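Numbering (this note's numbering), first residue to last: 6 to 359. Where is the CB? At the ideal position from N, CA and C, for every residue including glycine. Since we're looking at a predicted model, the values are computed, not measured. Step one of this worksheet: look at the structure below.
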Amino acid sequence: MKFHNKLINWYLENARELPWRDTQEPYPIWLSEIMLQQTRIQQGLPYFLKFIKAFPTVFDLAKASEDKVLKLWQGLGYYSRARNLHFTAKYVAYELNGIFPTTYKDLKNLKGVGDYTASAIASFCYQEPVAVVDGNVYRALSRYFGIDTPINSTEGIKEFKTLAEKLLDKEQPDIYNQAIMEFGALQCTPKSPDCAVCPLQIDCVAFRQSLVESLPRKLKKTKVLERHYNYIVILDSRENVFLEKRTGKGIWKNLFQFPLIESSKSCETSEDLLMSNDKILPQNILREASLYNAKPIKHLLSHRKLWVKFWIVEVEKLNLVENLPKSLLITNQIDTFAVPVVIQKFIEAYGFSK
DNA sequence: AAGACGGGGTA
DNA sequence: TACCCAGTCTT
6 MKFHNKLINW YLENARELPW RDTQEPYPIW LSEIMLQQTR IQQGLPYFLK FIKAFPTVFD
66 LAKASEDKVL KLWQGLGYYS RARNLHFTAK YVAYELNGIF PTTYKDLKNL KGVGDYTASA
126 IASFCYQEPV AVVDGNVYRA LSRYFGIDTP INSTEGIKEF KTLAEKLLDK EQPDIYNQAI
186 MEFGALQCTP KSPDCAVCPL QIDCVAFRQS LVESLPRKLK KTKVLERHYN YIVILDSREN
246 VFLEKRTGKG IWKNLFQFPL IESSKSCETS EDLLMSNDKI LPQNILREAS LYNAKPIKHL
306 LSHRKLWVKF WIVEVEKLNL VENLPKSLLI TNQIDTFAVP VVIQKFIEAY GFSK
């Protein structure tokens with residue numbers, strides 16, 4: 006039996022039921038694919054359900070504000086996905102009359118849609134014979150064929166894509182693509198796959214040569230930089246608080262936060278804050294800052310290790326504070342703003358009223 | 001070609 | 001800790 010037939014037979018027995026597998030409509034499939042980039046199904050699923058409920062059609066998503074989209078995306082990470090999602094929704098709704106492109110080539114021109122996602126939508130919705138290559142596919146192919154080319158090298162990306170195209174069942178590219186990804190996710194898992202019950206075991210090079218644990222190969226990742234973040238929570242008795250929007254480049258773009266003072270070393274006193282203050286906040290405000298968490302919160306990202314401290318400044322009335330940057334906004338509805346997870350956790354711990 | 005970009009699950 | 005997850009975009 007051919008490789009793709011074994012895979013599809015396995016899939017028909019083992020496939021999970023997922024909401025985006027009930028349909029061939031591009032909107033929910035596009036939405037799910039964007040959400041699942043570098044994201045486990047278990048983590049993405051509740052967000053998918055939330056989005057479909059809030060935005061049943063691409064027009065509803067297009068009509069929403071970016072702030073609203075980011076708020077619903079809060080906690081899922083890689084926020085450029087949400088910004089690109091919203092951009093593309095507006096493009097499809099207003100420039101394409103709500104009709105998604107129907108080919109791999111045209112889909113790939115959409116913002117946020119790369120090789121994988123274009124292949125997924127083209128095959129799932131329109132049965133175009135194009136092969137998906139995601140983390141699951143890399144792992145399954147690398148092991149089955151015993152390929153040790155690093156999957157994140159330029160050469161590896163080309164090699165695995167070519168191989169995937171060759172293996173594709175062109176009569177049912179949608180089923181085949183689903184099958185190989187599901188196989189990687191459930192059977193050919195990163196750690197301790199249960200090779201004893203694998204339908205491909207007999208021809209699997211990695212199994213026969215005991216290479217399962219060492220494949221796939223991957224180039225070393227970049228090193229993690231450490232940073233010290235001091236968030237200054239300025240509030241009055243009515244729980245009005247200052248927020249600023251992160252703009253420009255860098256993490257958490259277009260999300261909100263308390264005014265931030267970044268320091269090269271850990272700040273222990275309000276004097277330390279003054280030393281690191283980049284002419285952002287008035288000195289008389291900072292002198293009143295009291296440290297909320299003596300032990301910094303360690304917040305790990307894929308490329309950063311953040312040490313986070315929150316400082317509290319209570320004032321009489323927020324709108325009487327002088328010499329503040331114009332970029333700050335005042336709110337007593339902090340729960341309506343999209344914030345990074347580390348700030349959301351503080352908000353819940355501190356007990357802002359909802 | 002290498003980095004930037006989040007957060008959570010797992011061993 | 002370290003690695004991984006239905007990757008894409010920028011430099």
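CB of residue i within 9 Å of CB of residue j, strictly
i: residue 82; j: residue 139; result: no
i: residue 129; j: residue 177; result: no
i: residue 144; j: residue 193; result: yes
i: residue 316; j: residue 332; result: no
i: residue 301; j: residue 271; result: yes
i: residue 59; j: residue 75; result: no
i: residue 310; j: residue 232; result: yes
i: residue 247; j: residue 334; result: yes
i: residue 84; j: residue 260; result: yes
i: residue 252; j: residue 308; result: no
i: residue 20; j: residue 63; result: no
i: residue 36; j: residue 57; result: yes
i: residue 245; j: residue 146; result: no
i: residue 66; j: residue 46; result: no
Residue nearest to residue i in terms of C-alpha spacing, selected from the options
i: residue 71; options: 62, 95, 274; result: 95
i: residue 321; options: 110, 240, 301, 197; result: 240
i: residue 142; options: 231, 9, 327, 279; result: 9
i: residue 342; options: 277, 201, 250; result: 250
i: residue 360; options: 315, 303, 31, 290; result: Nothing can be reported for residue 360: it is not among the residues displayed for the chain, which extend from 6 to 359.
i: residue 31; options: 6, 69, 109, 80; result: 109
i: residue 116; options: 23, 132, 246, 91; result: 91
i: residue 346; options: 35, 257, 164, 196; result: 257
i: residue 105; options: 229, 127, 306; result: 127
i: residue 34; options: 54, 47, 16, 17; result: 54
i: residue 274; options: 13, 226, 299; result: 299
i: residue 344; options: 124, 134, 77; result: 77
i: residue 38; options: 89, 197, 340; result: 89
i: residue 326; options: 352, 6, 293; result: 293
i: residue 6; options: 277, 208, 254, 357; result: 208
i: residue 222; options: 277, 278, 152; result: 152
i: residue 230; options: 16, 276, 303, 200; result: 303
i: residue 164; options: 136, 288, 191; result: 136
i: residue 17; options: 339, 353, 186; result: 186
i: residue 15; options: 191, 125, 100; result: 191
i: residue 340; options: 262, 23, 24; result: 262
i: residue 162; options: 120, 198, 125, 354; result: 120
i: residue 297; options: 319, 283, 201; result: 319
Beta bridge counterpart(s) of residue i as assigned by DSSP
i: residue 162; result: According to DSSP, residue 162 bridges with nothing at all.
i: residue 267; result: 234
i: residue 41; result: Beta-bridge pairing links residue 41 to no other residue.
i: residue 316; result: 237, 296
i: residue 262; result: 249
i: residue 309; result: 230
i: residue 303; result: 312
i: residue 336; result: 246
Close beta carbons around residue i, own chain, < 7 Å, minus the five adjacent residues each side
i: residue 205; result: 11, 149
i: residue 224; result: 155, 157, 158
i: residue 44; result: 81
i: residue 68; result: none
i: residue 286; result: 237, 264
i: residue 123; result: 109, 112, 113
i: residue 103; result: 63, 64, 97
Residues near residue i by beta carbon distance below 8 Å, same chain, minus five either side
i: residue 243; result: 337
i: residue 132; result: 177, 178, 179
i: residue 41; result: 49
i: residue 210; result: 148, 149, 150, 151, 216
i: residue 278; result: 235, 237, 266, 268, 272, 291, 294, 316
Nonlocal neighbours in the same chain, by C-beta distance under 6 Å from residue i, ignoring five residues either side
i: residue 174; result: 9, 181
i: residue 118; result: 112
i: residue 25; result: 33, 34, 37
| field | Validate contact between the region 225 to 239 and the region 262 to 275 using beta carbons, cut 8 Å, 3 pairs | value | yes
| said: Using a Cβ distance threshold of 8 Å, determine whether the region 212 to 220 contacts the region 163 to 177, with at least three qualifying pairs required. | reply: no
Is the region 346 to 356 touching the region 302 to 319, taking contact as three or more C-beta pairs under 8 Å? yes
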